[in-house]
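Inspection log for the structure reproduced underneath, given as structure tokens.
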Amino acid sequence: MAATQSLSKVLKVLMEDKNPTAYEFGPFRLLTTERLLLRAGEPVPLAPKVFETLWAFVQNRGRLLTKDELMNLIWGDTVVEEGNLTQNIFVLRKVLGETPQDHKYLVTIPLQGYRFVAPVREVSDPGSFSNADDVGGPATTVPISTIAVLPFTLLNAPKGEDFGGAGIADTIITKLSSVKQITVRPTTAVLRYVDAKQDLPAVGRELSVGAVLDGTIQHTSDRVRVNVQLVAVANGKTLWAAKYDDQHSDIFSIQDSIAEQVTQALELELSSAGSQQLSTSHTEDSDAYQLYVKGRYFWDTRTEQGLLKGVEYAQQAIARDENNAMAYVGLADSYALLGEYLYVHPEEAFPKAMAAARRARQLDERLGEAYASLAEVGFFYEWDWQRAEQNYKLAIELKPGYASAHHWYAWFLMTRGRFDEATEKIKQAQTIDPGSLTLNTVLGLPLYYNRQYERAIEHFRTTLEMEPEFPQALYYLGAALIQLGSYDEAEAAFKKVIPHEYAQQASALLGYSYGVSGQRDKAAEILRELQALAKGRYVTPYLQAIVHTGLGETDQAIAQLERGFQERAAWMVFLNTDPFLEQLREDPRFSDLLQRLHFPPREPRS
């Protein structure tokens, strides 16, 4: 191996660099290297161009910026409509908490432009937050070792091995994420860059990291040559580079070597548990590992076809190596989400998920992902609240860098009415995967389930500002709008969702909306459509109960919920918090269902 210099020395130089790496104003901190805005130490999701708009204002604070100047600073020579700038400024005002009467950050100069008027302090040391008094809390530390490991590029990949580079990246991510001193973006966040020829700093900005690890692989005769580089996001400079020349022709055989040498280059002090994780491999079969990575890629789409492919590839990986613990995790999670997203009958999905999760734990009792999978099935299907929570906590303890464990635990907490704890878990997941639109949407759900609909709607709309057609945000936006009586707006949101995802879910809520707004014929028609759909695929009785509730048909709604209890319908876990079933709460039969599900008494809403 040849390396330009020790990576740890590079990191030390960067940490001693006195050039501004952050700007502070009010309770906010703008981190230029990480392309991240913090409010009171918590990440504030911003679309890339919105971030650049804010950065342009902060760098030119106190100075009048015309619209033309701003357009040039943000888009350069690219021709865009002025409305894009107007929208960016609108989003910034909302993020900064400005009102029409109070512009303490951005002031509009009529017929001229804008001025950023708040006091700004430049910060060279990324380890301190001088605004601690302003935000009412302790100092925030943003480590420089926040890294994204991209799928390696196979320069002459044999046909069918296009995910081999992703397998190497996943190995490095898995190993480095066990080191507490490093923050590594999860594999699901980087898989979209498979075979992508993109500017590395731009990718780093999208992923909100300080550095990007990238590599190429080339087969020559009986050797494999790998080039690796760590690129700084702030300026595009190569911070560290290395070459590996291995006699083995199998790509998989060098993955552990790369991960270990990268870790050694960081010269970090590891705990014994961390060292053990770095030396753990779950398969020695490169094809099995590549199949696992493919399955994980499709699993992360959360679509029905994607999850079915996740099952297929996990099964193929297990067929090649029946002792591959992570392949069993992939199988468990694919089946679990098929059940949770209502694509498959719970009695078909969840027992298979549980069997796979138990096998993964049996193969590796220290595998955090396996405990997260066990927790999901225990929560959504077995309704073993205590065991599920124990497994969520154990998953997080064993793998604190596993965003899904924090995310899934938050759903559990919401169903138990523990909304503040749920919010904290979602924020922890966001620190690991800040670019996730799913997590940004879910951050509004503790507000939604706690009946704070206006605030929830505002949050869902921030996601839609980043991705206007994101189905999950549209679905929950529509759900919250119904609760406020905005039926026409809700209908418009659902009709955008139904052709793509959440078809039966969105249809059911639309049916409820029709029912409570007096459009009984339309609600009845949706019930007939759901019943017809149920002849060819699984339709949960839980959703049919919601439509009956909207129609005021309490007996039919309770009957459907009783059927859901008998078949262990996944969404029965929301029975105690779902606002669409609120009017059933006084019925003794509903109370009996809650008791049989062992729900805790509802606490007063905050």
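Using our numbering, read the sequence shown as starting at 65 and increasing by one per residue.
The C-beta atom is built at its ideal place from N, Cα and C for all residues, glycine as well.
Give the C-beta separation of residue i and residue j to the nearest angstrom, bearing in mind that I take them to be a contact with Cβ-Cβ under 8 angstroms.
| i | j | result |
| --- | --- | --- |
| G177 | L129 | 5 angstroms |
| A474 | A486 | 4 angstroms |
| Y356 | A378 | 7 angstroms |
| L501 | F476 | Their Cβ separation, rounded to whole angstroms, is 21 angstroms, which puts L501 and F476 out of contact at 8 angstroms. |
| L406 | A634 | 7 angstroms |
| W472 | A434 | Actually they are not in contact, since the Cβ atoms of W472 and A434 sit about 13 angstroms apart, beyond 8 angstroms. |
| E412 | R632 | 11 angstroms between Cβ atoms; not a contact. |
Can the beta-carbon of residue i be found less than 7 angstroms from the beta-carbon of residue j?
| i | j | result |
| --- | --- | --- |
| F524 | Y513 | no |
| D385 | D349 | yes |
| D278 | L214 | yes |
| F414 | Y445 | yes |
| A421 | A391 | no |
| V561 | L538 | yes |
| Q608 | Q624 | yes |
| G432 | S398 | no |
| V297 | R256 | no |
| S622 | R653 | It is Ile, not Ser, that sits at residue 622 in the sequence shown. In contact: I622 and R653 (Cβ atoms closer than 7 angstroms). |
| G229 | E98 | no |
| F180 | R125 | yes |
| N291 | T302 | no |
In this structure, does DSSP put residue i in helix, strand or coil?
| i | result |
| --- | --- |
| H167 | coil |
| T479 | helix |
| V408 | coil |
| K416 | helix |
| W373 | The question names Trp, yet the displayed sequence has Lys at residue 373. Helix. |
| I246 | coil |
| A298 | coil |
| L94 | strand |
| I610 | helix |
| Y353 | helix |
| W447 | coil |
| N136 | helix |
| Y576 | helix |
| N640 | coil |
| L545 | helix |
| N27 | The structure shown does not extend to residue 27, since the chain spans only 65 to 670, so no value can be given for it. |
| D309 | strand |
First and last residue of the beta strand (DSSP E) that includes residue i?
| i | result |
| --- | --- |
| A86 | 86-89 |
| P107 | 106-108 |
| G279 | 275-284 |
| F524 | Careful: F524 lies outside any beta strand (DSSP E), inside the alpha helix (DSSP H) at 517-530. |
| E386 | No beta strand (DSSP E) contains E386, which DSSP labels as neither H nor E. |
| T210 | 210-213 |
| R185 | 185-187 |
| L101 | 100-103 |
Pick from the options: whose alpha carbon is nearest that of residue i?
| i | options | result |
| --- | --- | --- |
| T526 | R157, Y551, W139, R592 | R157 |
| P112 | Q608, T252, H662, M530 | M530 |
| A120 | R103, T96, L102 | T96 |
| E116 | R103, Q123, I138 | I138 |
| Q21 | T613, E433, T367 | The question about residue 21 has no answer, for the chain in this structure spans 65 to 670. |
| M478 | L648, L639, T247, Q647 | L639 |
| S581 | R125, G616, V248 | G616 |
| I211 | P498, G600, Q624 | P498 |
| P109 | A493, V144, L395 | A493 |
| D132 | N148, R627, R125 | N148 |
| G508 | T495, E533, A543 | A543 |
| P643 | R653, G229, L160, L545 | L545 |
| G600 | H409, I622, G614 | H409 |
| V187 | E146, T217, M135, Q123 | Q123 |
| H564 | Q369, T641, A469, T613 | Q369 |
| L548 | Q516, L528, A557 | Q516 |
| R93 | Q659, R185, L303, A266 | R185 |
| Q450 | A556, L160, P664, Q151 | P664 |
| Y578 | F483, V393, I590 | I590 |
| L219 | I610, T172, T284 | T284 |
Any beta carbon from chain C within less than 7 angstroms of residue i's own beta carbon?
| i | result |
| --- | --- |
| A596 | You won't find chain C in this structure, because it holds only one protein chain. |
What span of residues does the alpha helix (DSSP H) with residue i cover, start to end?
| i | result |
| --- | --- |
| V267 | 264-271 |
| Q505 | It is worth fixing the name first, because residue 505 is Thr in this sequence and not Gln. Taken as a continuous stretch (DSSP letters only), the alpha helix (DSSP H) holding T505 covers 501-506. |
| G177 | G177 -> not in any alpha helix (DSSP H); beta strand (DSSP E) instead, spanning 177-180. |
| V143 | Careful: V143 lies outside any alpha helix (DSSP H) and carries neither H nor E. |
| F558 | 551-561 |
| R653 | 652-660 |
| R12 | Nothing can be reported for residue 12: it is not among the residues displayed for the chain, which extend from 65 to 670. |
| T117 | 112-123 |
| S437 | 432-441 |
| D585 | 584-597 |
Could you tell me whether any non-hydrogen atom of the ligand PLP is closer than 6 angstroms to the CB of residue i?
| i | result |
| --- | --- |
| Q595 | With respect to small molecules bound, the structure shown includes none, and the ligand PLP cannot be examined in it. |
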